[in-house]
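Read through the structure below, which is laid out as structure tokens, and then see the notes.
In my numbering, the protein residues as written are 227 to 344.
See below:
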């Protein structure tokens, strides 16, 4: 399954109290999409509600084709955002901090040709 974020409109944008990252959340149908801007690289998540066939299933047991592979799964309590508490959502996540990806924290081996995700 390939994820396409075009045409999905944000539900909310949320800045954490520590001001260390920005959360953008969107919804289409019964799927939620979340991007965390960590100020160095983005991480992305797709969430399914409790009625979805993949709710509660470990990421190693589903076939989801994302950049660098899935690296996380868990419920809404993991993120601790009040905006998500009204719905039980199971999240699958991945990041954009792999070889060849641009990292904004001055990594000494950074190449100018590395892909900068926005």
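Backbone N, C-alpha and C fix where the C-beta goes; we use that ideal spot for every residue, glycine too.
Being a predicted model, the structure only gives us computed values, none of them experimental.
Which listed residue (the options) has its alpha carbon closest to that of residue i
i           : options       : result
residue 255 : 269, 271, 275 : 275
residue 301 : 291, 284, 261 : 284
Helix, strand or coil at residue i according to DSSP, with G and I counted as helix
i           : result
residue 322 : coil
residue 287 : helix
residue 251 : strand
residue 296 : coil
residue 259 : strand
residue 273 : strand
Contacts around residue i, its chain only, beta-carbon distance under 6 Å, and the 5 residues preceding and following it disregarded
i           : result
residue 298 : 319
residue 260 : 251, 271
residue 258 : 273, 315
Per-residue burial, residue i [other beta carbons within 10 Å of its own, 16 or more giving buried]
i           : result
residue 273 : buried
residue 295 : exposed
residue 262 : buried
Own chain partners of residue i with C-beta closer than 7 Å, once the 5 adjacent residues on each side are dropped
i           : result
residue 365 : This structure gives no information on residue 365, because the portion of the chain shown stretches from 227 to 344.
residue 375 : This structure gives no information on residue 375, because the portion of the chain shown stretches from 227 to 344.
Integer Cβ distance of residue i from residue j, believed to fall under 8 Å
i           : j           : result
residue 317 : residue 271 : 5 Å
Own chain residues within Cβ distance below 8 Å of residue i, not counting five before or after
i           : result
residue 277 : 256
residue 280 : 274, 288, 316, 318
Interface flag, residue i vs chain D, CB-CB below 8 Å
i           : result
residue 262 : Included in the structure is just one protein chain, with no chain D present.
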